[in-house]
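Residue numbers (mature numbering (1 follows the signal peptide of the UniProt record, and there is no 0)): -18 to -1, 1 to 157. Glycine included, C-beta positions come from ideal geometry on N, C-alpha and C. To start, the structure itself, in structure tokens.
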């Protein structure tokens, strides 16, 4: 319980006195809270299970891609603790959940979720578990899975476009 309380204090104060272990633990906690929050939102706000299924599809696809790449690439971690550095699974999970929240419920919830997901990425680099490129690749995988599988519950959504040499953003909304 003491570790959880110090993690919460670290998150809200941004304390610079925190050790690398505290930073890693706080990232681990946020990494679990983001998908749990996304699932809780589908259960609280929605009738039926459409959102829950979309979240599950995004989560499973993201994780399968991450684990496949980890097996295929075999990149050493900065701290030497293994050869599964690329890509970051924590970051992928976090950005998948943040993208789901943003796509499904809007930017008022998505922006804080993206900030939390960015914090998770920061903690992975700061605790020497990943290199920056591992975190960026994990974030891209998570975001793409979230965009691909998530339909808006209500509000405006932003979807990236890349087709036949055309690149941009597609804005849509429900009224």
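Using a Cβ distance threshold of 7 Å, residue 61 and residue 52 do not count as a contacting pair. The residue among 78, 112 and 24 with its C-alpha nearest the C-alpha of residue 97 is 78.
Nearest neighbour of residue 103 by Cα position, chosen from 25, 93 and 114, turns out to be 114.
With a contact defined as Cβ atoms closer than 8 Å, residue 6 and residue 109 qualify at about 4 Å. Per the C-alpha coordinates, the member of 73, 81, 112 and 57 positioned closest to residue 33 is 81.
The secondary-structure analysis by DSSP pairs residue 130 with nothing; it has no beta-bridge partner. For the 7 Å CB-CB criterion, residue 101 and residue 12 form a contact.
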